[in-house]
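Accompanying notes for the structure given below.
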C-alpha cells in the first residue's frame, strides 16, 4: 500500500480531487484535513502563513502514476507536494478491501 501525502488549496478542492481519484479507481480512500502551513515564499523571500488542506490518498503502487496525473490536472497548485509513503505493514482485511476497491 502507498499513502500519497498531497497538499491542496482547501478542503473543497481536496473533495473534487478525491471524487475523481475514487471514480477513476486510482484511490480506494482519501482523508482530507484542513491545515495551516508556514513556508518560505521563493518569489518575495518572506515567510508565508496560509490555510490549505492535506490529503492522504490510499492506493497501491500500480495506481500511483494515474493518481499523480489526476492530482496535477485538477489541483490548482502549479507545484503541488505529492509525497509517496510506502506502508510495509497493514492489517490484511484492510489491504484486501483496498485491492478490491481499486479493481
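Residue numbers (the working numbering): 18 to 120. For every residue, glycine included, the Cβ atom is placed at its ideal position computed from N, Cα and C. Note that the structure is predicted; figures quoted are calculated from it, not measured.
In the structure shown, residue 103 adopts extended strand secondary structure according to DSSP, grouped into three states. According to the DSSP assignment, residue 84 belongs to the alpha helix (DSSP H) that extends over 81–91.
For residue 26, the closest alpha carbon among the candidates 112, 82, 114 and 89 is that of 89. Secondary structure note for residue 70: it is in no alpha helix (DSSP H), and the uninterrupted beta strand (DSSP E) holding it is 63–76. Residue range 19–25 is occupied by the beta strand (DSSP E) that includes residue 21.
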